[in-house]
Amino acid sequence: MAELAFFCGTMDCGKSTLALQIRHNRSARGLRGLIFTRNDRAGEGRLSSRLGLVTEAIEAGEEMNLHAHLVRYLTSGGRADYVIADEAQFLSPEQVDQLARIVDDLGIDVYAFGITTDFRTRLFPGSQRLIELADRVEVLQVEALCWCGARATHNARTVGGRMVVEGAQVVVGDVGADGEVGYEVLCRRHHRRRLTAATAGAGPISPDVLPTDAVPPPSAPREERPAPA
Ligand SMILES: Nc1ncnc2c1ncn2[C@@H]1O[C@H](COP(=O)(O)OP(=O)(O)O)[C@@H](O)[C@H]1O
Ligand SMILES: Cc1cn([C@H]2C[C@H](O)[C@@H](COP(=O)(O)O)O2)c(=O)[nH]c1=O
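The sequence shown begins at 1 in full-length UniProt numbering and counts up by one.
Pasting the structure below:
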């Protein structure tokens with residue numbers, strides 16, 4: 001039976017990469033899919049992953065009826081064995097209902113990918129509707145990490161380097177970006193305290209592997225070197 005699956009997580013946890021892998025594995029077996037996306041960082045009509053892969057996609061504008069689009073495509077001779085919807089947090093609740101209709105009325109699998117919450121920790125309307133309707137909700141396994149080493153569960157927005165909690169819900173951007181607006185993934189504790197890596201003055205998570213006094217420098221007198229084991 002066809003299903004509506006929602007793969008979710010923070011920014012930068014591998015959602016678009018998984019979408020491209022699902023597409024690759026299916027096309028390797030001769031299956032054809034339709035890919036919808038909205039507001040991808042790589043530009044209109046693109047689905048891109050930070051691993052460098054990118055593919056063409058259908059830009060799902062605000063007014064697009066996704067179910068009607070697919071019906072038109074099929075009736076004009078197109079073939080679709082599955083549908084992918086990336087950046088699904090940006091879809092309207094009505095468009096998510098249309099994805100559910102694709103599954104139920106047309107018997108086609110729909111795989112949706114998106115972040116669940118915005119920079120204020122509030123659900124995106126599209127993600128909320130997906131959680132309400134999906135047959136399966138999967139949180140991605142390759143978790144992104146907060147600067148403290150804990151699992152990152154929330155997305156922070158920075159403006160001019162400082163974390164903000166007010167502003168428009170949708171501002172396309174990236175983690176680690178140099179621009180005025182950027183994003184950083186944090187654990188809840190540090191999101192609540194508004195502590196980004198920069199404001200915490202965080203260094204590397206891992207301590208030095210070797211204690212600095214374990215091996216004397218080569219210039220040290222011979223008798224100070226540790227005896228061979
Ligand atoms: N240079 C790299 N080497 C290995 N993995 C990388 C590299 N750059 C990014 N990644 C992986 O790609 C993930 C981001 O993938 P992406 O699909 O763009 O994320 P999302 O769509 O969830 O924002 C990172 O969490 C990391 O696992
Ligand atoms: C938290 C948050 C994010 N966005 C934008 C920023 C990016 O363009 C996308 C997320 O893309 P990714 O592939 O998951 O990294 O969403 C936003 O508009 N508003 C937010 O609050």
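From the three backbone atoms N, C-alpha and C, an ideal C-beta is built for every residue, glycine too. Computed from a predicted structure; not experimentally measured.
Take residue 53, set aside five residues on each side of it, and the residues of its chain with a beta-carbon closer than 6 Å to its own are 20, in chain order. Not a single heavy atom of ligand 1 lies less than 6 Å from the C-beta of residue 64. For residue 158, the uninterrupted beta strand (DSSP E) segment begins and ends at 154-159. Linking residue 17 to residue 193 through their CA atoms gives a straight-line distance of about 31 Å. For residue 163, the shortest separation between its Cβ and any heavy atom of ligand 2 does not lie below 6 Å.
Inside the region 65-93, DSSP marks whole alpha helix (DSSP H) runs of 4 or more residues at positions 66-75, from first to last along the chain.
Taking 3 residues as the shortest admissible run, the region 99-186 contains the following complete beta strand (DSSP E) segments, listed from N- to C-terminal end: 109-115, 136-139, 154-159, 162-164 and 181-186. Just measuring C-alpha positions, the residue of 187, 102 and 125 sitting nearest residue 91 is 125. Cα atoms of residue 110 and residue 69: separation of roughly 14 Å, rounded to the nearest angstrom. A residue is called buried once 16 or more other Cβ atoms fall within 10 Å of its Cβ, and residue 205, having fewer, is exposed. A contact is defined here as three or more CB-CB pairs under 8 Å, and the region 91-103 fails this definition with respect to the region 43-52.
Cβ contact annotation for residue 187 (same chain, cutoff 8 Å, sequence separation greater than five): 146, 148, 150, 151, 152, 153 and 154, in chain order. Residue 168 and residue 73 have their C-alpha atoms spaced approximately 34 Å apart. The three-state reading of DSSP puts residue 193 in coil, since its state is none of H, G, I, E or B. In this structure, residue 34 places its C-beta atom within 7 Å of the C-beta atom of residue 80. Note on geometry: alpha-carbon atoms of residue 176 and residue 24 lie some 28 Å from one another. Residue 16 has its CB nearer than 6 Å to a heavy atom of ligand 1. Exclusion of residue 178 from the 6 Å shell around ligand 2 follows from its C-beta lying no nearer than that to any non-hydrogen atom of the ligand. With fewer than 16 other Cβ atoms inside 10 Å of its own Cβ, residue 75 counts as exposed. Within the same chain, Cβ atoms closer than 8 Å to the Cβ of residue 160 are found at 180, the five residues on either side in sequence being excluded. Within the same chain, and ignoring the five residues on either side of residue 105 in sequence, the residues whose Cβ sits closer than 8 Å to its Cβ are 67.
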